[in-house]
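Under the working numbering, the sequence shown has 230 at position 50, and the numbering climbs by one with no breaks.
Quick reminder that beta carbons are idealized off the backbone N, C-alpha and C, glycines included.
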Amino acid sequence: MEILILLILGFVQGLCEFLPISSSGHLVFLSEIFGVQDSLFVSIILHVATLLSIFVVFRKDVINMIKHPFSEKNINIYLATIPTCIFALAFMSLITSSFEGGFLPYAFLITAILLYTCEKMTKKEKFIGLKKGQIDWKKALVMGTMQGIAVFPGISRSGMTIAGGLIAGGDREEVAKFSFLMSIPIILLSLIMEIVKFALFDYSISVNALGISLSFVVAFITGILSISAMLALTKRANFKWFSLYLIIMSIMSFIFL
181 MEILILLILG FVQGLCEFLP ISSSGHLVFL SEIFGVQDSL FVSIILHVAT LLSIFVVFRK
241 DVINMIKHPF SEKNINIYLA TIPTCIFALA FMSLITSSFE GGFLPYAFLI TAILLYTCEK
301 MTKKEKFIGL KKGQIDWKKA LVMGTMQGIA VFPGISRSGM TIAGGLIAGG DREEVAKFSF
361 LMSIPIILLS LIMEIVKFAL FDYSISVNAL GISLSFVVAF ITGILSISAM LALTKRANFK
421 WFSLYLIIMS IMSFIFL
């Protein structure tokens, strides 16, 4: 039964990671429902699986980033990572406790409101004063700040960053691609922190090894498909249905958690 639950979590992670509905929020919700222990560890491992999905889909971009570590795109990614790290370090204890599910209803609601606002603003072309076009350092900082807010489960990382980039006047396809690429250092840093936790604090986990391995594969494959779907959806920037779905998830979280 535990393996089946982990497979479900892997599928949900792959499906939700690149849609603006918070994969970590769904993982926390289902982990609480199913009684899965070490939900933070499971979330990080499955995020690594979807990170590999990014490597596959954007392999040309990733290879180019490795070859040219100080390219304009890479510098923008570094800049976007700074506010995220500041948020993560400043609210580390709150982030850890938020994986218990208490904040989840409010987090889903925050994402829903932002997506609906983004939908209205982009249709009316009301931006925050930045020059409309490709990602520059100012838009990168806006998206990085939004990613920082999204360190809490239930606040969608892709939803927050894409919405922030669009409201800042970014090109839709460029914003979506940059949103996915800027997740790379954050996921890697999260994994490193977990490794340090194991090494320094004798941290133990009680997750089925076979189950988490199979779940990893499922999240990886589903993530590849999900990226393509989100790239297509971002071209239309129609987020109202996602907003409605998140309101439903917020209500369900209030009821069941």
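In its own chain, which residues sit with a C-beta less than 6 angstroms from the C-beta of residue i, not counting the 5 before and 5 after it?
i: I262; result: none
i: L231; result: I367
i: Q314; result: D351, E354
i: G281; result: V208, E212, L437
i: L289; result: S430
i: Q217; result: S386
i: F396; result: A229
i: L274; result: none
i: L234; result: Reading the sequence as shown, one finds Ile at residue 234 and not Leu. Excluding residues within five positions, the ones whose Cβ falls inside 6 angstroms are F360.
i: F214; result: I185
i: H206; result: V192, C196
i: M245; result: N254
Can you tell me which of the three DSSP states residue i falls into?
i: G349; result: coil
i: G313; result: strand
i: I335; result: coil
i: S386; result: coil
i: G281; result: coil
i: A409; result: helix
i: H248; result: coil
i: Q327; result: helix
i: P200; result: coil
i: M439; result: What is shown of the chain runs 181 to 437, which leaves residue 439 out entirely.
i: F235; result: helix
Using 8 angstroms for Cβ pairs, my map puts residue i next to residue j. What's the rounded Cβ distance?
i: P200; j: F422; result: 5 angstroms
i: I335; j: S202; result: 6 angstroms
i: A399; j: A292; result: Actually they do not touch by this definition, with Cβ atoms about 24 angstroms apart.
i: Q327; j: T264; result: 5 angstroms
i: E299; j: F419; result: 5 angstroms
i: F346; j: T302; result: Correcting the residue type first, residue 346 is Leu in the shown sequence and not Phe. That belief holds up - the Cβ atoms of L346 and T302 are roughly 5 angstroms apart, short of 8 angstroms.
i: L394; j: L187; result: 6 angstroms
Counting only C-beta atoms, is residue i closer than 9 angstroms to chain C at any point?
i: L368; result: Included in the structure is just one protein chain, with no chain C present.
Name the two residues that bound the continuous alpha helix (DSSP H) containing residue i.
i: G254; result: The identity of residue 254 in the sequence shown is Asn, whereas the question assumes Gly. From DSSP, the alpha helix (DSSP H) with N254 extends over 252-270.
i: S204; result: 203-214
i: L195; result: 182-196
i: F422; result: 420-436
Taking 8 angstroms as the limit between beta carbons, can you name the residues of its chain near residue i, skipping five residues before and five after?
i: W317; result: I255, N256, L259
i: L294; result: G339, M340, A343
i: S408; result: V237
i: L411; result: E353, A356, K357
i: L380; result: none
Give every residue of the same chain whose Cβ lies closer than 7 angstroms to the Cβ of residue i, excluding the five residues on either side of it in the sequence, and list them in chain order.
i: L184; result: none
i: I401; result: G194
i: A270; result: none
i: Y425; result: I201
i: I266; result: G328
i: P249; result: none
i: L371; result: I224, V228
i: E182; result: N388, G391
i: I404; result: S233, V236, V237
i: F175; result: Nothing can be reported for residue 175, as the shown portion of the chain is limited to 181 through 437.
i: R337; result: Q327, A330, S363
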